[in-house]
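In this text, residue positions in the sequence shown follow the numbering used here: the first is 8, and each later residue adds one.
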Amino acid sequence: MTTPVPGEIQLLGLSVCLVVIQIVLAAQLGNRQYGLKWAASARDEPAPEPGILLGRVRRALANMLETFPLFAAAVLAVAVVHRFDLWSLVGAHLYVWSRVIYLALYAAGVPLLRSLVWNVALAGIFMVLWRLI
Numbered sequence: 008m009t010t011p012v013p014g015e016i017q018l019l020g021l022s023v024c025l026v027v028i029q030i031v032l033a034a035q036l037g038n039r040q041y042g043l044k045w046a047a048s049a050r051d052e053p054a055p056e057p058g059i060l061l062g063r064v065r066r067a068l069a070n071m072l073e074t075f076p077l078f079a080a081a082v083l084a085v086a087v088v089h090r091f092d093l094w095s096l097v098g099a100h101l102y103v104w105s106r107v108i109y110l111a112l113y114a115a116g117v118p119l120l121r122s123l124v125w126n127v128a129l130a131g132i133f134m135v136l137w138r139l140i
C-alpha cells in the first residue's frame, strides 16, 4: 500500500510543470519570431529584440525562476520537519495558482493587477514558511 502524497508536494510537482510550460512557451514563441534556422543554430549572433509577447513571456519566466526556488525550498523544508498543515496547504495553493494567473496577466500586458497577484504568490511562500517558525 502506498502512502498518500501530501498536497503541498503535489503542488510542488505542479509548479515544476508550470516552469516547464513557461520554458516551452518562451521557446515556441522564440521559434515563431526568429525561425527554426535560428533555433537550431549556435546563436553566435545576437538575436533581434523580442516582440512584445515573447518579451513578456520571457520576463514572466525569469520572474518564475526567481521565486520557484524559494517555494521549493519552503515546501521541502516543511516536509523534512513533518509540519504540513492547513496553512502550508493554502499557502502552496496560493503560490501555484497565483503564478498561473501571473503568467496570463503578464502575457496580456495587465500591469497593476499582475503585481498584486505576484504579492499573493509571495504571501503563499510565507504561509508555507510559517510552519518552520
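Glycine residues also receive a C-beta, built at the ideal position from the N, C-alpha and C atoms. A quick note: this is a predicted structure, and the numbers were derived from the prediction, not measured.
For the stretch 42 to 112, list the alpha helix (DSSP H) runs that are entirely contained and at least 4 residues long, ordered along the chain.
-> 43 to 47 and 59 to 87
Is residue 90 near residue 109, with beta carbons less than 8 Å apart?
-> Along the sequence shown, one-based indexing puts residue 90 at 83. Along the sequence shown, one-based indexing puts residue 109 at 102. No, the pair does not count as a contact, with Cβ atoms beyond the cut-off.
Boundaries (first-last residue) of the alpha helix (DSSP H) holding residue 125 = On the sequence shown, residue 125 is found 118 positions in, with the first residue counted as 1. Counting along the chain, the alpha helix (DSSP H) containing residue 125 begins and ends at 118 to 136.
Is residue 27 helix, strand or coil when you go by DSSP?
-> Along the sequence shown, read from residue 1 onward, the residue named residue 27 stands at position 20. Three-state result, residue 27: helix.
Residue 99 to residue 132, Cα distance in whole Å?
-> Position 92 of the sequence shown, counted from the first residue, corresponds to residue 99. Position 125 of the sequence shown, counted from the first residue, corresponds to residue 132. Residue 99 and residue 132: Cα-Cα distance of roughly 7 Å.
Rounded Cβ spacing between residue 103 and residue 18 (contact assumed at less than 8 Å) = Within the sequence shown, numbered from 1, the residue matching residue 103 stands at position 96. Within the sequence shown, numbered from 1, the residue matching residue 18 stands at position 11. Their Cβ separation, rounded to whole angstroms, is 5 Å, which keeps residue 103 and residue 18 in contact under 8 Å.
Taking 8 Å as the threshold, find out whether the stretch 60 to 71 comes into contact with the stretch 26 to 46 through three or more Cβ pairs.
-> yes
Would DSSP call residue 16 helix, strand or coil?
-> Locating residue 16 in the sequence shown gives position 9, where the first residue counts as 1. If DSSP states are grouped into helix, strand and coil, residue 16 belongs with the helices.
Close Cβ partners of residue 125 (< 7 Å) along its chain, the five nearest in sequence each way excluded | For the purposes of this step, residue 125 is taken as residue 118 along the sequence shown, with counting starting at 1. So the list reads 109, once near-sequence residues are dropped.
When 8, 10 and 14 are compared against residue 94, the one with the closest alpha-carbon = Within the sequence shown, residue 94 is the residue found at index 87, counting from 1. Between residue 94 and the set 8, 10 and 14, the nearest pair of CA atoms involves 14.
CB residue 78 to CB residue 26, shorter than 8 Å?
-> Counting from one through the sequence shown, the residue named residue 78 turns up at place 71. Counting from one through the sequence shown, the residue named residue 26 turns up at place 19. No, the pair does not count as a contact, with Cβ atoms beyond the cut-off.
Measure the C-alpha to C-alpha separation of residue 86 and residue 10 and round it to an integer number of angstroms.
-> Translated into the one-based positions of the sequence shown, residue 86 becomes position 79. Translated into the one-based positions of the sequence shown, residue 10 becomes position 3. So the two alpha carbons sit approximately 14 Å from each other.
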